[in-house]
Ligand code: PEP
């Protein structure tokens with residue numbers, strides 16, 4: 003299970019230290035990690051290094067993810083951050099194709115595919131986000147949208163697998179209408195996505211399925227099903243460390 007906190011454009015150094023202080027108050031993290039349950043935190047770029055060192059100094063078994071990366075290897079790409087730089091900072095993976103990047107920064111399906119190729123070649127675990135808008139759902143276009151977003155990425159993964167890459171890929175189903183809105187999907191929606199992935203893209207894709215969209219400590223238990231949901235991507239609720247603890251407690255309880 004991969005539980006991912008997407009901090010988006012939030013947090014400062016002082017807030018990061020306090021956040022980790024609260025999480026350090028629970029002594030079950032190592033036992034959860036041994037059960038394959040792991041917390042990953044995706045901070046803004048400037049805090050990747052600081053967050054990593056704060057995690058290490060508290061002996062917490064958390065992973066650090068980036069919220070984006072550049073598809074190019076290196077060079078004259080002002081304002082961009084490469085996969086090699088992320089690796090150099092000890093980052094383990096990267097969110098790709100988040101709907102906010104698609105919506106506000108014009109990220110295309112082709113760009114997400116390029117970035118996935120680069121991430122895999124760098125040994126960074128891609129967390130590829132996909133999901134429909136409310137209008138697309140209302141128009142009965144969900145599967146068409148999922149396929150359009152997944153297919154080019156999947157092709158790159160198949161090619162990378164052929165070249166020997168074993169890096170796992172997570173697929174975060176994040177319906178746009180549920181992100182930051184307080185409106186969540188229901189388990190039935192996620193089951194529908196899971197069986198679509200299994201049928202059209204195979205077991206490897208289906209077994210990397212995460213859900214994201216207004217998940218919190220109240221909703222999480224009803225959205226989880228063993229064998230269907232392999233983790234959660236959480237924005238707003240995981241800005242509050244006590245909520246992270248409540249979610250872990252509800253889902254995983256005593257080690
Ligand atoms: C997200 O940013 O990926 C997300 C799911 O946000 P929220 O939990 O706030 O809906």
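Residue numbers (my numbering): 3 to 257. Where is the CB? At the ideal position from N, CA and C, for every residue including glycine.
The ligand PEP and residue 102: does any heavy atom of the ligand fall closer than 8 Å to the residue's C-beta? Yes - the ligand PEP has a heavy atom lying nearer than 8 Å to the Cβ of residue 102.
Residue 208 to residue 222, Cα distance in whole Å? In this structure, the alpha-carbon of residue 208 lies about 19 Å from that of residue 222.
Quick check on residue 128: does DSSP put it in helix, strand or coil? In this structure, residue 128 counts as strand in the three-state DSSP scheme.
Short of 6 Å in beta carbon distance, which residues of its chain neighbour residue 89, apart from the five on each side in sequence? Order them along the chain. Once the five neighbours on either side are set aside, the close Cβ partners of residue 89 are 124.
Rounded C-alpha distance that separates residue 245 from residue 174: Per the coordinates, the alpha-carbon of residue 245 lies some 20 Å from the alpha-carbon of residue 174.
Does DSSP put residue 30 in a helix, a strand or coil? Secondary structure of residue 30 (DSSP, three-state): coil.
Residue 5 versus residue 60: straight-line alpha-carbon distance, rounded: In a straight line, the C-alpha of residue 5 is about 19 Å away from that of residue 60.
Helix, strand or coil at residue 18 according to DSSP, with G and I counted as helix: Looking at residue 18 - three-state DSSP - the assignment turns out to be helix.
Which residue's Cα is closest to the Cα of residue 148: 87, 211 and 121? Checked all of 87, 211 and 121; the closest Cα to residue 148 is 211.
State the Cα-Cα distance for the pair residue 216 and residue 95, rounded to the nearest angstrom. The alpha-carbon atoms of residue 216 and residue 95 are separated by roughly 22 Å.
Entirely enclosed alpha helix (DSSP H) segments - the stretch 39 to 116, minimum 4 residues: Note on the stretch 39 to 116: whole alpha helix (DSSP H) runs with a minimum of 4 residues are 50 to 59, 85 to 90 and 101 to 107, in chain order.
Would DSSP call residue 164 helix, strand or coil? Helix at residue 164.
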